[in-house]
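Q: Have a look at this one before I ask anything.
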Amino acid sequence: MMVDSSMTDTAKVSPRAGPSYAGWIGKLANSPIYAATIGLIANSRMARLVLLLAIPLIWIVTLHIGPIYQMARISIMDNYPPAPGGTVYTLDNYRLFFQEPLYFMPFLRSIVFAVCVTATTLIVVYPVAYYVAKVVKPENRTRALLLLLTPFWAGELIRTFSVIMFLANRGAVNVFLREIGFIDRPIIMLYNYFSLSFGVIYLISLFMLLPLYSAIEKIPTSLVDAAADLGAGPWARFRRVILPLSKDGIISGCSLVYLTSIGVFAAPLLLGGPNSTIFPEIIASLFHGSSDKWPEGAAFSILMLAVSLSTVGLFMRVVGGRTVKLM
Amino acid sequence: MRSYFSDFPKTALQASYWLFVIYLLLPLALMMAISFKDANFVAFPIDKWTLKWYAQVLQDKQFLEACAYSIFIALMTTMFATIVGVWIALLITTEGMIARSVIFALACLPAVVPGLINAISMRIFIRVLDIPTGTGAIILGHTVHAVPFVVIMVLTRLRSMPNNLVDAARDLGADSFVAFMRVTLPYLAPALAGGMVFCVLTSIDDFVRTFFLGGYQTTLPMLIFAKVQGGMSPEINAMATLVLIVTAAVGLYAEHLTRRSRTR
């Protein structure tokens, strides 16, 4: 009854026949300026559609596609900024890449490195994700997951820095090993592939953990029970039931880790050494410093983008067996 | 029956979990420990403890300025990314929208392109358009990178929204703008909160885009990078510890918020 009377009151007070709202939205919706501007758009189907389309499409075309288009355009120019004599479009920048081992080898190294990191991360993280998703009791699951997530709220550089301190000659591992008398001289662990992989896996294992966790968690227990009833041992249950059913998680986890590890930039600068130069450093050096070779840099970036995306596409095809649904 | 799962080598799984936790936490914990070390070089063991590095960091003008600058960029990024992200998500869920999956794929493009390539393409883009490097360019770069994540988070939430809520509002006389502000937006609130915190944290953390797009003013990651390259002192540890505690607290709080709203 209270509600009824208050509603009729508002209707009496309100000068307009339209609906009335509380708060600033109400004031706005009842003002004449609103009726002349937003109200006009909001009430016309056509105007609404145009407005809904305009911003997202302009944004996506200029800022999502635009930069990559410009990069592709500059990659086939002979000079950037354009030389006074006019621009010649050429494929020389791409040819240079295949002729010069100085560029080609780090590129191969980068790809192999990313594949190894992805495989290692998958093997290391799978049991962890499985443990949290299926062995931990449901009421403790959030806590078990949060313990794994918390370190990732620390930034990329802070985590890289902590890895340096961990592996340095006078870092935690070496000091500990010397204290227990295991070694006399520090093991050199920094500035090589070991520290680089250690650091990169440290940085990106979360991208493997979350997709795997949500995929494994969705596997119905009854299916595993059925397999067990039919006589499948632990290995057969894992191999024939759990692994195939967690395929989606494996695919998205591996793709994410691969794409992130291939484009990782700060970690190689800080953790890598002269013998583990990977491609991102080469590309960056073409844009920075004395050698201002933008067209070459753009061409190499395009190659790297094409190879990394097509590797992921191929992987999805082979492992997924079908085109993975985007939505 | 849980027993079928648990007769897997359960202890091995448990061990792998705890080893992984140690792997994730130990380096950070040791880094924090060194920030209390009373010596000018970064190494173990720690003989004497002190708080002087914290006092020094909190008086370091460069550090405080970098913090303020990073926070400013992060807030601007979050504002723009949220608006654009929600807008794109609404477009994708509009009924009768054609080429939905194409729009979605393109909207996610910056999240799929490796970070370095993304940064380089933005660097080329702003040079072609004659936009100077600096604050504006950084905000633009961060926003482009953040939009896909907002889109994905908002889309997930929008899908679980009953269609008839907006219809009901429209039937009761609200025009579509009012219906959006009073029905859709409040429904999206938890996803938006999560997305915004995500934007803030990724922007504050971002190194590679700032490296290519930044001007002379240093952001927090640039400052830490320069200090790490320039030589070690426990001062960096104190700085990193402070940043870590603040970001982890914000992250955990956001996690708590989204989790609560999900179970409600």
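As given, the protein sequences belong to chains A and B, one line each in that order. In this text, residue positions in the first sequence follow my numbering: the first is 1, and each later residue adds one. In this text, residue positions in the second sequence follow my numbering: the first is 1001, and each later residue adds one. Think of the CB as a built atom: it goes at the ideal place given N, C-alpha and C, for glycine as much as any other residue.
#1: At a cut of 8 Å, does the stretch 72-80 of chain A reach the stretch 294-306 of chain A through at least three beta carbon pairs?
#2: At 9 Å on the CB atoms, spell out the chain A contacts of B/Lys1010, in chain order.
#3: At a Cβ cut of 9 Å, what residues of the stretch 296-315 of chain A count as close to chain B, listed as they run along the chain?
#4: Please tell me whether, using a cut-off of 7 Å, the distance from the CB of A/Tyr69 to the nearest non-hydrogen atom of the ligand MN is below it.
#5: Identify whether A/Thr80 lies in helix, strand or coil by the three-state DSSP scheme.
#6: Run down chain A in chain order and give the residues with a C-beta less than 9 Å from the C-beta of B/Pro1110.
#7: Which residues, in order along the stretch 161-181 of chain A, keep a beta-carbon less than 9 Å from a beta-carbon of chain B?
#8: Can the beta-carbon of A/Leu212 be found closer than 8 Å to that of A/Ala144?
#9: Using a Cβ-Cβ distance cut-off of 8 Å, determine whether A/Val324 contacts chain B.
#10: Which residues in chain B have a C-beta closer than 9 Å to the C-beta of A/Ala83? List them in chain order.
#11: Could you check the C-alpha separation between B/Leu1165 and A/Val264 for me, to the nearest Å?
#12: At a Cβ threshold of 8 Å, is B/Val1144 touching chain A?
#13: Quick one, which residues of the stretch 252-263 of chain A are near chain B if we go by CB-CB under 8 Å, in chain order?
#14: With burial defined as no fewer than 16 other Cβ atoms inside 10 Å of the residue's Cβ, what is the status of B/Tyr1216: buried or exposed?
#15: Rounding to the nearest angstrom, what Cα-Cα distance links B/Val1086 and B/Thr1078 in this structure?
#16: Check whether the stretch 182-192 of chain A and the stretch 1055-1075 of chain B touch, using three or more Cβ-Cβ pairs below 8 Å as the test.
#17: If we call anything under 8 Å between Cβ atoms a contact, is A/Ile365 one with A/Tyr103?
#18: Apart from the five residues just before and just after A/Gly272, which ones in its own chain have a Cβ nearer than 6 Å to its Cβ?
#19: Helix, strand or coil for A/Lys137? Go by DSSP, reduced to three states.
#20: Taking only the alpha-carbon atoms, compute the straight-line gap between B/Thr1082 and B/Glu1255 and give it to the nearest angstrom.
#21: Using a Cβ-Cβ distance cut-off of 8 Å, determine whether B/Tyr1017 contacts chain A.
#22: Do B/Ser1203 and B/Ala1066 come within 8 Å of each other at the CB atom, strictly closer than that value?
#23: Based on the DSSP output, what are the partners of B/Lys1037 in its beta bridges?
#24: If we require 4 or more residues per run, which alpha helix (DSSP H) segments fall completely within the stretch 235-262 of chain A?
#25: Kindly confirm or deny that the stretch 1169-1181 of chain B and the stretch 28-46 of chain A touch, where touching means at least three C-beta pairs closer than 8 Å.
#26: Which chain A residues sit within Cβ distance under 8 Å of B/Gln1014?
#27: Helix, strand or coil for A/Thr323 per DSSP?
#28: Nearest to A/Thr87 by alpha carbon, out of A/Arg73, A/Gln99, A/Leu96?
#29: Based on Cα-Cα distance, which residue from A/Tyr258, A/Gly181, A/Leu49, A/Pro268 lies nearest to B/Ile1098?
#30: How would you call A/Arg317, buried or exposed, if buried means at least 16 neighbouring beta carbons within 10 angstroms?
#31: Do the CB positions of A/Trp59 and B/Leu1201 come within less than 8 Å of each other?
#32: State the Cα-Cα distance for the pair A/Ala139 and B/Met1196, rounded to the nearest angstrom.
#33: Would a check of beta-carbon distances place B/Leu1106 closer than 8 Å to chain A?
#34: Sorted by chain position, which residues of the same chain lie with C-beta nearer than 8 Å to A/Asp9's C-beta, five sequence neighbours on each side aside?
#35: Using a threshold of 8 Å, state whether the C-beta atoms of B/Val1021 and A/Leu148 are closer than that.
#36: Compare the C-beta of A/Phe207 against all C-beta atoms of chain B and say whether one is closer than 8 Å.
A: Well, looking at it:
#1: yes
#2: Tyr131, Val135
#3: So the list reads Gly297, Ala298, Ser301, Ile302, Met304, Leu305, Ser308, Leu309, Val312, given in the order they occur along the chain.
#4: This structure lacks the ligand MN; in fact it carries no ligand of any kind.
#5: Sequence check: residue 80 of chain A is Tyr here, not Thr. Three-state DSSP puts A/Tyr80 in coil, outside helix and strand.
#6: Leu63, His64, Pro67
#7: Phe161, Ser162, Val163, Ile164, Met165, Phe166, Leu167, Ala168, Asn169, Arg170, Gly171, Ala172, Asn174, Val175, Phe176, Glu179
#8: no
#9: In this prediction, A/Val324 has a pLDDT of 48, which is less than 50 and means its spatial position is unreliable; nothing more can be read from the coordinates.
#10: Going along chain B, no residue has its Cβ under 9 Å from A/Ala83, so there is no contact; the nearest lies around 16 Å.
#11: 44 Å
#12: The Cβ of B/Val1144 sits closer than 8 Å to at least one Cβ of chain A.
#13: Leu259, Thr260, Ile262, Gly263
#14: exposed
#15: 12 Å
#16: no
#17: One cannot answer for residue 365 of chain A here, as it falls past the ends of chain A, which runs 1 to 327.
#18: Leu196
#19: In the structure shown, the three-state DSSP call for A/Lys137 is coil.
#20: 18 Å
#21: yes
#22: no
#23: B/Trp1049
#24: 247-262
#25: yes
#26: What B/Gln1014 touches in chain A, judged by beta-carbon distance under 8 Å, is Tyr131, Val135, going in chain order.
#27: Because A/Thr323 carries a pLDDT of 47, less than 50, the predicted location of this residue cannot be relied on, and the following value inherits that uncertainty. Looking at A/Thr323 - three-state DSSP - the assignment turns out to be coil, as it is neither helix nor strand.
#28: Comparing Cα positions, the closest option is A/Arg73.
#29: Looking at A/Tyr258, A/Gly181, A/Leu49, A/Pro268, the one whose alpha-carbon comes closest to that of B/Ile1098 is A/Leu49.
#30: exposed
#31: no
#32: One detail in the question is off: residue 139 of chain A reads as Glu in this sequence, not Ala. Cα to Cα, the separation comes out at about 28 Å.
#33: Taking Cβ atoms only, chain A reaches closer than 8 Å to B/Leu1106, which makes this a yes.
#34: With a pLDDT of 44 at A/Asp9, under the threshold of 50, the modelled position of that residue is not reliable, and the figure given next carries that caveat. Cβ within range, chain order: n/a, list empty.
#35: yes
#36: Not closer than 8 Å to any Cβ of chain B, the Cβ of A/Phe207 fails to qualify, so no.
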